[in-house]
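Numbering (our numbering), first residue to last: 3 to 449.
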């Protein structure tokens with residue numbers, strides 16, 4: 003299941019079989035060797051030198067392709083069966099709504115069971131849900147229920163996969179760049195995936211297009227099963243799953259340092275989606291037509307990809323770390339410039355700049371994985387994924403409500419101003435919690 007901060011022929015190398023020994027070291031030897039000089043180098047090459055990461059990356063690419071195709075095909079299928087724009091739109095909304103439930107009540111799965119098993123089972127469950135959608139005569143209620151089930155499983159998969167990256171790549175520079183590559187892949191799917199799905203639907207029916215998704219999830223499961231090592235669970239199975247998940251969430255949120263870092267992931271995401279949510283009415287106001295709408299939808303992902311690639315390949319880790327909080331404070335500022343009533347070209351420039359500012363996430367990833375105790379890492383990553391998707395859905399809904407009363411342009415300007423103020427406050431809080439943690443560590447060493 004892809005993570006959505008979202009949305010040629012690829013030859014898939016045969017994955018290297020990994021040891022079944024449960025005592026396999028948590029971090030692959032290749033990752034350890036590559037990590038030794040990671041601080042002295044920049045660029046994504048050392049990440050791809052780790053065989054396990056290549057399997058994870060390819061699995062992510064396949065599941066992304068499947069999810070994008072399924073979203074388009076299912077939306078078209080539901081509209082064809084009902085003629086209802088509301089129900090067609092609901093198929094997309096159901097990609098957001100169950101995230102909070104799955105990320106809160108099922109988060110314990112990420113730490114209670116071996117990560118590889120969790121990832122493979124999640125892929126198989128998703129393939130099964132989509133296979134039900136393919137069945138001839140499946141009613142709309144079943145289609146929407148299966149869509150909701152996909153979204154319920156997604157945060158567990160994403161949290162487990164991110165925690166696994168820390169095992170595969172370590173918790174240093176390679177982890178940061180690995181996370182960056184997965185985000186770049188997700189953003190690239192936004193640019194290419196919907197077009198591919200649309201072309202596919204010109205030659206096959208929506209139900210047949212959904213078969214592509216079944217195959218991609220199965221391919222992802224095979225890659226993860228045979229391309230990654232078996233590692234023991236991070237935590238013991240004690241309490242019931244839901245109780246353990248809630249307890250883990252409370253532990254994560256009770257740590258002020260971790261809470262502030264989570265908010266630094268979530269709050270900018272709530273405001274950054276405003277232009278995307280309002281792209282259609284904004285393009286209509288500019289008289290830009292459907293071509294202009296397409297460009298507006300692509301500009302933010304283009305900026306995000308460019309920013310991540312530049313920060314990951316050109317900036318040293320120490321430089322990215324220093325820029326993390328300043329970038330958080332300015333990433334939404336371009337939206338305030340909508341007050342100047344820019345035309346289409348300048349609107350695109352502002353969106354690209356805002357997307358490029360999201361390169362702060364590379365430094366934030368590093369801080370987060372080091373702040374979270376290892377036994378809580380899976381649950382913390384699952385909670386983070388669920389929060390991101392939920393807050394984006396909330397942000398889109400609030401943008402629509404605000405635009406009804408204040409207008410589209412004023413809503414985007416408001417998102418820029420309020421979002422910048424909120425991010426600045428969180429940056430100050432993050433600096434304080436870091437200093438408090440440093441003082442506590444010094445006191446502990448002194449004793």
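Cβ atoms here follow ideal geometry from the backbone N, Cα and C, with glycine treated the same way.
Quick caveat: nothing in here was measured; it's all calculated off a predicted structure.
Look at the alpha carbon of residue 429 and the alpha carbon of residue 268, and state the distance between them as a whole number of angstroms.
Counting from one through the chain shown, the residue named residue 429 turns up at place 427. Counting from one through the chain shown, the residue named residue 268 turns up at place 266. Distance between the alpha carbons of residue 429 and residue 268 is about 13 angstroms.
Please confirm whether residue 360 and residue 306 have their CB atoms less than 8 angstroms apart.
By one-based count along the chain shown, residue 360 stands at place 358. By one-based count along the chain shown, residue 306 stands at place 304. Going by C-beta atoms, residue 360 is nearer than 8 angstroms to residue 306.
Would you identify the three-state DSSP class for residue 173, choosing helix, strand or coil?
Counting from one through the chain shown, the residue named residue 173 turns up at place 171. Residue state, collapsed to three classes: coil.
Beta-carbon contacts of residue 297 that lie in its chain and below 8 angstroms, excluding the five residues immediately before and after
Counted from its first residue, the chain shown places residue 297 at position 295. Closer than 8 angstroms at the Cβ level, and outside the excluded window around residue 297, lie 290, 346, 350.
Residue 33, DSSP secondary structure in three states
Along the chain shown, read from residue 1 onward, the residue named residue 33 stands at position 31. The pLDDT assigned to residue 33 is 45, lower than 50, so where the model puts this residue is not dependable; a value taken from the coordinates is nonetheless given after this. Residue 33 falls in the helix class under three-state DSSP.
Helix, strand or coil for residue 361 per DSSP?
The count along the chain shown starts at 1 and reaches residue 361 at position 359. The answer is coil: DSSP assigns residue 361 none of H, G, I, E or B.
Shortest alpha-carbon distance to residue 322 belongs to which of 235, 174, 304?
Residue mapping note: residue 322 aligns to position 320 of the chain shown, counting from 1. Comparing Cα positions, the closest option is 174.
DSSP three-state label for residue 246, please.
The count along the chain shown starts at 1 and reaches residue 246 at position 244. Helix.
What did DSSP end up calling residue 96 once you bin it into helix, strand or coil?
In the chain shown, the residue the question calls residue 96 occupies position 94. In the structure shown, residue 96 sits in coil (DSSP, three-state: anything other than H, G, I, E or B).
Between residue 380 and residue 161, is the Cβ-Cβ spacing less than 8 angstroms?
Within the chain shown, numbered from 1, the residue matching residue 380 stands at position 378. Within the chain shown, numbered from 1, the residue matching residue 161 stands at position 159. For residue 380 and residue 161, yes; Cβs fall inside 8 angstroms.
Compare the Cα-Cα distances from residue 438 to each of 107, 373, 404 and report the closest residue.
Locating residue 438 in the chain shown gives position 436, counting from the first residue. Of the candidates 107, 373, 404, the one whose C-alpha sits nearest the C-alpha of residue 438 is 373.
In the DSSP assignment, the alpha helix (DSSP H) including residue 270 goes from what residue to what residue?
Along the chain shown, one-based indexing puts residue 270 at 268. Note, residue 270: alpha helix (DSSP H), 258-274.
For residue 394, which option in 96, 205, 123, 214 has the closest C-alpha, if you only look at C-alpha atoms?
For the purposes of this step, residue 394 is identified with residue 392 of the chain shown, where counting begins at 1. Minimum Cα distance to residue 394 is reached at 96.
For the alpha helix (DSSP H) containing residue 287, list its first residue and its last residue.
One-based indexing of the chain shown puts residue 287 at position 285. That run of the alpha helix (DSSP H) goes 281-288.
Span of the alpha helix (DSSP H) holding residue 81?
Within the chain shown, the letter at position 79 stands for residue 81. Where residue 81 is concerned, the enclosing alpha helix (DSSP H) stretches over 53-84.
How far does the alpha helix (DSSP H) with residue 216 in it reach, from first residue to last?
Numbered from its first residue, the chain shown carries residue 216 at position 214. Run containing residue 216: 208-229, per the alpha helix (DSSP H) assignment.
Straight-line gap, residue 141 to residue 83 (C-alpha atoms, nearest Å):
Here the question's residue 141 lines up with position 139 in the chain shown. Here the question's residue 83 lines up with position 81 in the chain shown. Cα-Cα distance, rounded: 9 angstroms.
Would you check if the stretch 97-114 and the stretch 230-243 touch, i.e. whether three or more CB-CB distances between them fall below 8 angstroms?
yes
Pull up the distance between the alpha-carbon of residue 270 and that of residue 334, whole angstroms please.
Here residue 270 refers to the residue found at position 268 when the chain shown is read from its first residue. Here residue 334 refers to the residue found at position 332 when the chain shown is read from its first residue. For residue 270 and residue 334, the distance between alpha carbons rounds to 8 angstroms.
Reference residue 311, options 183, 103, 261, closest by Cα:
For this step, residue 311 is matched to residue 309 along the chain shown. The shortest C-alpha separation from residue 311 is found at 183.
Alpha carbon to alpha carbon, what distance is there between residue 301 and residue 309?
Taking the first residue of the chain shown as 1, we reach residue 309 at position 307. Taking the first residue of the chain shown as 1, we reach residue 301 at position 299. Cα to Cα, residue 309 sits roughly 12 angstroms from residue 301.
For residue 152 and residue 134, the rounded distance between their alpha carbons:
Numbered from 1 along the chain shown, position 132 holds the residue referred to as residue 134. Numbered from 1 along the chain shown, position 150 holds the residue referred to as residue 152. Each residue's alpha carbon lies about 12 angstroms from the other.
Could you tell me the alpha carbon to alpha carbon distance between residue 78 and residue 368, rounded to whole angstroms?
The residue labelled residue 78 in the question sits at position 76 within the chain shown. The residue labelled residue 368 in the question sits at position 366 within the chain shown. Roughly 40 angstroms between the two C-alpha positions.
When 332, 400, 398 are compared against residue 419, the one with the closest alpha-carbon
Taking the chain shown and counting its residues from 1, the one referred to as residue 419 is at position 417. Checking every option, the nearest Cα to that of residue 419 belongs to 332.
Between which residues of its own chain and residue 398 is the CB-CB distance below 7 angstroms, once the five residues before and five after are set aside?
Translated into the one-based positions of the chain shown, residue 398 becomes position 396. Same-chain partners within the cutoff: 275, 279.
Do you know offhand how far residue 144's Cα is from residue 156's?
Position 142 of the chain shown, counted from the first residue, corresponds to residue 144. Position 154 of the chain shown, counted from the first residue, corresponds to residue 156. Residue 144 and residue 156: Cα-Cα distance of roughly 18 angstroms.
Please state whether DSSP places residue 375 in a helix, a strand or coil.
As a working note, residue 375 is residue 373 in the chain shown. When DSSP states are grouped into helix, strand and coil, residue 375 belongs to the coil group.
Measure the Cβ-Cβ separation of residue 121 and residue 226 and say whether it is below 8 angstroms.
Counting from 1 along the chain shown, the entry for residue 121 is found at position 119. Counting from 1 along the chain shown, the entry for residue 226 is found at position 224. Contact flag set, yes.
Are the beta-carbon atoms of residue 432 and residue 263 separated by less than 8 angstroms?
As a first step, residue 432 must be located in the chain shown, where it is residue number 430. As a first step, residue 263 must be located in the chain shown, where it is residue number 261. Yes, the Cβ-Cβ distance between residue 432 and residue 263 is below 8 angstroms.
Assign residue 104 to one of three DSSP states: helix, strand, or coil.
Here residue 104 refers to the residue found at position 102 of the chain shown. Annotated three-state conformation of residue 104 is helix, per DSSP.
Rounded C-alpha distance that separates residue 294 from residue 285
By one-based count along the chain shown, residue 294 stands at place 292. By one-based count along the chain shown, residue 285 stands at place 283. Cα-Cα distance, rounded: 6 angstroms.
Checking 8 angstroms against the spacing of the C-beta atoms, do residue 1 and residue 356 come in under that value?
Residue coverage of the chain in this structure runs from 3 to 449, which leaves residue 1 outside it and unanswerable.
Simplified DSSP state of residue 2, which is helix, strand or coil:
In the structure as shown, the chain starts at 3 and stops at 449, and residue 2 therefore has no counterpart that could be examined.
Between 158, 412, 67, 181, which lies nearest to residue 211 when the distance is taken from Cα to Cα?
As a working mapping, residue 211 is identified with position 209 in the chain shown. Among 158, 412, 67, 181, the Cα nearest to that of residue 211 is on 67.
What is the rounded straight-line gap between the Cα of residue 106 and the Cα of residue 178?
Here residue 106 refers to the residue found at position 104 of the chain shown. Here residue 178 refers to the residue found at position 176 of the chain shown. Residue 106 and residue 178: Cα-Cα distance of roughly 25 angstroms.
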